[in-house]
Structures are given as C-alpha cells and as structure tokens.
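Student: First the structure, then my questions, so here it is.
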Amino acid sequence: MQYHLDGKLVPEAEATVSVRDRGFAYGDGAFETLRAYGGTVLAWEAHADRLERTVETLGFAEAIPPRSDLRERVRETLQANDLEDAYLKLSISRGVQPGKLTPDERVDPTVVVQVSPLPRGGLDGASVWDEPATLRTVATRPVPDESIPADAKTHNYLDGILARLELRRRDDMPADEALMRDPDGRVVEGATSNLFFVDGGVLKTPSADLPLLPGVTRSVVLQLADEEGIPIEEGHYSIQAVRAADEAFLTNTTWEIRPVAALDGDGVGGGPITDLLARLYDQRVEQICY
58 MQYHLDGKLV PEAEATVSVR DRGFAYGDGA FETLRAYGGT VLAWEAHADR
108 LERTVETLGF AEAIPPRSDL RERVRETLQA NDLEDAYLKL SISRGVQPGK
158 LTPDERVDPT VVVQVSPLPR GGLDGASVWD EPATLRTVAT RPVPDESIPA
208 DAKTHNYLDG ILARLELRRR DDMPADEALM RDPDGRVVEG ATSNLFFVDG
258 GVLKTPSADL PLLPGVTRSV VLQLADEEGI PIEEGHYSIQ AVRAADEAFL
308 TNTTWEIRPV AALDGDGVGG GPITDLLARL YDQRVEQICY
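In this note's numbering, the protein residues as written are 58 to 347.
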C-alpha cells in the first residue's frame with residue numbers, strides 16, 4: 058500500500074514518524090476515520106469540520122493545511138492504491154518537538170493518510186460486519202468532558218481501549234462492542250460507536266451533553282429519521298431502558314448501521330425502524346457517491 062506522509066506518497070513500510078513526534082509521545086493529535094464509496098468520501102465536510110474543531114481545541118489549527126489540501130491528499134492516496142471503495146484514516150499531530158510537556162508555539166504538523174480496501178457500499182454494497190453486534194456493559198468510564206472535551210477526536214483513545222480490553226478479560230460472554238456509562242450510570246456510547254434504540258416507535262439516543270463523541274454517521278441517521286418523520290428523542294437513559302428496547306443499533310463510519318443482537322446476553326435485535334434507516338442510509342450513499 059501507498060500512504061500519504063507529510064505531502065508525499067510513500068510505501069507503507071516507509072510511512073514512519075519520529076519517536077519525538079508529539080502524536081506518539083503524548084497523544085497530541087487529531088484524526089478522522091473516513092469511508093470512500095466509488096472514490097467519493099462520504100460527508101467529507103462534516104469530517105473536516107470536526108477535524109478543524111479538534112485541532113482548534115488542541116491549539117494548533119492555524120498550522121494545519123487547508124481542507125482542500127487535505128482532501129487532495131486523500132484523493133491521491135486512493136488513486137495511488139487504485140481504490141474507490143476504502144477505509145481511510147487522516148491523522149494530524151503537532152509534529153516533532155523537544156521532549157517537554159508544554160508545546161512549542163512553532164508547529165510543523167505531521168499529516169498522515171492511511172488507506173485499506175473496504176467493500177462497495179450503497180444499494181449494491183456488501184456489509185463489512187458478518188452479523189449483528191453483541192454488546193456488553195463495562196466498568197470502564199469515558200473521560201469526563203471537563204478533562205478532555207468529548208467532541209474532540211484526538212489520538213488519546215485510552216478509555217475506549219481499556220473498555221475493549223475489559224471485554225477481552227471477561228471471556229465468559231464474548232462481545233463485539235463495549236457499552237460505556239458515565240459515573241451516574243447513564244448510557245453514553247460504545248468504545249467506537251454511537252448507540253440508538255427504539256422504544257414505542259420513538260428513536261432514542263444518548264444526548265450530546267453526555268461525555269460522548271457525536272459521530273458523523275450518528276448525525277446522518279438523525280437527519281434521515283427526521284426526514285422520514287420518525288419521532289426522535291435525545292436524552293439520558295439507563296441500561297435497563299436499552300435492555301427493554303424494541304430495537305437497538307450502533308453507528309460509526311465503518312459499520313454504518315449495525316443492529317444489536319443482544320446486550321449483556323439479553324436479546325434485543327433489530328426491527329422495522331432499524332431496517333428502514335439502513336435502507337435509507339444505503340440510498341443516501343448511492344445518491345451521493347455512485
């Protein structure tokens with residue numbers, strides 16, 4: 058594979074960064090997971106908006122390339138690997154600086170675009186997941202918004218990593234995704250996904266005032282549901298509310314919409330609203346990208 062590193066296409070084996078890069082040393086960087094369909098990155102502007110918000114939070118927004126430049130690097134990476142349907146990761150760190158915690162004011166960011174093939178999406182697409190997800194609650198709590206703003210998609214993903222490691226240790230009930238709660242026991246999000254569930258015909262999802270990352274796919278699903286006239290509620294919910302739901306599903310850029318088969322061993326499953334939104338999502342991808 059060819060990756061894009063600091064403005065140049067290089068073979069994967071040569072796409073390395075310095076051990077003094079602050080993204081490696083301190084998690085001092087931002088990233089976006091993208092999905093290309095037919096050579097078009099879905100919701101590019103929304104991803105670029107969030108990337109810019111994150112580097113603004115980190116204090117080096119003025120140093121990064123303009124979004125038109127970043128988009129061209131993504132296009133060149135797809136083209137160099139002869140890919141149209143792909144997973145991409147766009148990362149920007151503060152770059153190489155002396156080994157001290159306080160960042161220098163001068164910033165020379167490290168910009169990396171990685172890519173790997175994914176099946177075609179849209180109406181004729183193939184799912185990237187084999188079956189509906191099994192979900193399990195974990196003791197790991199998300200980082201409080203007061204510590205690291207939840208809407209900043211940084212290189213620091215330790216809470217999600219610890220949640221997934223907790224799943225691995227508890228092998229009595231294997232699961233595909235960890236469901237995290239805040240200290241008050243309210244459902245927040247999966248380690249790498251947003252949660253939706255259906256109760257009495259109402260589409261419900263944890264609200265963005267909780268310490269969650271509002272995903273781009275989450276936003277698309279909310280828009281599709283609103284256009285379809287499906288009642289929507291964003292709020293604070295207990296684990297019991299999700300267990301008792303009529304339907305539940307997870308969203309992220311890679312999975313798109315993935316039904317939840319079970320939560321902590323209790324069957325939940327998809328249903329008519331999940332199926333409808335998945336079909337509408339495929340139609341939106343088809344319309345925009347193919």
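For each residue, glycine too, the CB sits at the ideal point set by N, CA and C.
Can you list, in chain order, the residues of its chain whose CB lies under 8 Å from that of Val98, leaving out five sequence neighbours each side?
Tutor: Correct list, in chain order: Leu91, Arg92, His104, Arg128, Val131 and Leu145.
Student: Would you mind sorting Ala87 into buried or exposed? The rule is 16 or more other CB atoms within 10 Å of its CB.
Tutor: Buried.
Student: Among the residues of its own chain, which have a CB less than 8 Å from the CB of Ala143, if the five just before and after it don't count?
Tutor: Within the same chain, Ala143 has close Cβ partners Arg92, Ala93, Leu135, Val172, Ser173, Pro174 and Leu175.
Student: State the DSSP-derived secondary structure class of His293, mapped to helix, strand or coil.
Tutor: Coil, per DSSP.
Student: Which runs of the beta strand (DSSP E) spanning at least 3 residues fall entirely within the stretch 231–260, listed in chain order?
Tutor: Those beta strand (DSSP E) runs which fall completely within the stretch 231–260 and span 3+ residues are 234–238, 244–247 and 251–256.
Student: Terminal residues of the continuous beta strand (DSSP E) containing Arg177?
Tutor: Neither: Arg177 is in no beta strand (DSSP E) and is coded neither H nor E.
Student: Following the continuous alpha helix (DSSP H) through Val342, name the residue where it begins and the one where it ends.
Tutor: From DSSP, the alpha helix (DSSP H) with Val342 extends over Pro329 to Cys346.
Student: Three-state secondary structure (DSSP) at Ile149?
Tutor: It is a strand residue.
Student: So, at 7 Å on beta carbons, what are the nonlocal neighbours of Val112 in its own chain, with the 5 sequence-adjacent residues on each side left out?
Tutor: Excluding positions up to five away in sequence, the list reads Ala87, Ala118, Ile121 and Ile149.
Student: Ignore the nearest five residues each way along the sequence and tell me which others in Pro288's own chain have a CB closer than 7 Å to its CB.
Tutor: Cβ neighbours of Pro288 beyond the five flanking positions: Gly258, Val259 and Leu260.
Student: Going along the chain, which residues of its own chain have a beta-carbon closer than 7 Å to the beta-carbon of Phe254, five neighbours each way excluded?
Tutor: Closer than 7 Å at Cβ, skipping near neighbours: Lys261, Val299, Ala302, Glu304 and Ala305.
Student: Excluding the 5 residues preceding and the 5 following Val278 in the sequence, name in chain order all residues of the same chain whose CB lies nearer than 8 Å to its CB.
Tutor: Around Val278: Phe253, Thr308, Ile314, Leu334 and Tyr338.
Student: Expressed to the nearest angstrom, what Euclidean distance is found between the alpha-carbon atoms of Lys157 and Arg227?
Tutor: Those two C-alpha atoms are separated by around 38 Å.
Student: Using the three-state DSSP reduction, which class does Thr114 fall into: helix, strand or coil?
Tutor: Thr114: helix per DSSP, three-state reduction.
Student: Just mark Thr73 as buried or exposed, buried being the case when its beta carbon has 16 or more other beta carbons within 10 Å.
Tutor: Result: exposed.
Student: Between Val131 and the ligand COA, is the CB less than 7 Å from at least one heavy atom?
Tutor: The ligand COA is not part of the structure shown, which contains no ligands of any sort.
Student: Can you give, in chain order, each stretch of the alpha helix (DSSP H) that sits fully within the stretch 190–230 and has at least 4 residues?
Tutor: As far as the stretch 190–230 is concerned, its whole alpha helix (DSSP H) runs of at least 4 residues are 215–226.
Student: Just the Cα atoms here: how many angstroms apart are Pro329 and Val153?
Tutor: About 51 Å.
Student: Any contact of the stretch 197–211 with the stretch 160–171, i.e. 3+ C-beta pairs under 8 Å?
Tutor: Because the criterion of three Cβ pairs below 8 Å is not met, the stretch 197–211 and the stretch 160–171 do not touch.
Student: Of all the options Ile345, Asp321 and Gln59, which has the alpha carbon lying nearest to the alpha carbon of Leu140?
Tutor: Here the closest residue by C-alpha is Gln59.
Student: Give the single residue among Glu223, Val245 and Asp323 whose Cα lies nearest to the Cα of Met237.
Tutor: Looking at the Cα atoms, Val245 is the closest of the given residues.
Student: Taking 8 Å as the cut-off, decide whether the C-beta atoms of Ala235 and Arg193 are in contact.
Tutor: It is a contact, given that the beta carbons lie within the stated cut-off.
Student: Locate the beta strand (DSSP E) running through Thr90, then write down its first and last residues.
Tutor: From DSSP, the beta strand (DSSP E) with Thr90 extends over Gly86 to Tyr94.
Student: Helix, strand or coil for Arg163? Go by DSSP, reduced to three states.
Tutor: In this structure, Arg163 counts as coil in the three-state DSSP scheme.
Student: Is it buried or exposed for Trp186, if we count other Cβ within 10 angstroms and need 16 for buried?
Tutor: Looking at its Cβ environment, which holds fewer than 16 other Cβ atoms inside 10 Å, Trp186 is exposed.
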